[in-house]
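Have a look at the structure below before the remarks.
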Amino acid sequence: MTHIQPAFDGTELAAAAPSIARRKIDDYNAWVTEVRPVFEEIARTGQPFLCWKVAKDNDLPDPPDRDHDWGRFVATLHREGLIRLDSFGLTRDKSAVRRWRGTSAARRDGAA
Numbered sequence: 220m221t222h223i224q225p226a227f228d229g230t231e232l233a234a235a236a237p238s239i240a241r242r243k244i245d246d247y248n249a250w251v252t253e254v255r256p257v258f259e260e261i262a263r264t265g266q267p268f269l270c271w272k273v274a275k276d277n278d279l280p281d282p283p284d285r286d287h288d289w290g291r292f293v294a295t296l297h298r299e300g301l302i303r304l305d306s307f308g309l310t311r312d313k314s315a316v317r318r319w320r321g322t323s324a325a326r327r328d329g330a331a
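Numbered per the working numbering, the sequence shown finishes at 331, counting up by one with no gaps.
Printed below as a string of structure tokens:
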């Protein structure tokens, strides 16, 4: 699908259609309630993960403040002892991000 965008001289330029935006939840606590079970399940596996990839693969909504709330959420999981730093990975644009792994406490809680 293409998107037609007029140029300043009156000609029309065909451009790629705008991407479909992900769903956004405007209440932080409601957003945490929706995304937390997915991250708890991944922490129970003990496998390393990148947050952006988990969000993309599970079609998770964006938080109210996308630039800060993801970090706030992950910091909470880390403080609660569910995840720990594993190493680093890359985003789609090749920026470095932290790779996380579920802790042994998270795996024990999953077995209970």
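Heads up, the beta-carbon is just placed ideally off N, CA and C, and yes, glycines get one too.
Item: Give every residue of the same chain whose Cβ lies closer than 7 Å to the Cβ of residue 326, excluding the five residues on either side of it in the sequence, and list them in chain order.; Value: 263, 265
Item: Please list the terminal residues of the continuous alpha helix (DSSP H) segment that includes residue 288.; Value: 285 to 298
Item: If you count every other CB in all the chains shown that lies within 10 Å of the CB of residue 315, and 16 or more means buried, which is it?; Value: exposed
Item: Given a threshold of 16 other Cβ atoms within 10 Å of its Cβ, counted over all protein chains shown, does residue 304 qualify as buried or as exposed?; Value: exposed
Item: With 16 other CB atoms within 10 Å as the buried threshold, where does residue 321 fall?; Value: buried
Item: So, is residue 283 buried or exposed, given that buried needs 16 or more other C-beta atoms within 10 angstroms?; Value: exposed
Item: For residue 261, which of helix, strand or coil comes out of DSSP?; Value: helix
Item: May I ask you to report which of helix, strand or coil DSSP gives residue 325?; Value: helix
Item: Measuring only the C-alpha atoms, how far is residue 319 from residue 290?; Value: 12 Å
Item: Of the residues 257, 293, 288, 298, which one's Cα is nearest the Cα of residue 278?; Value: 257
Item: Please return the same chain residues whose Cβ sits closer than 6 Å to the Cβ of residue 275, not counting the five positions on each side in sequence.; Value: none
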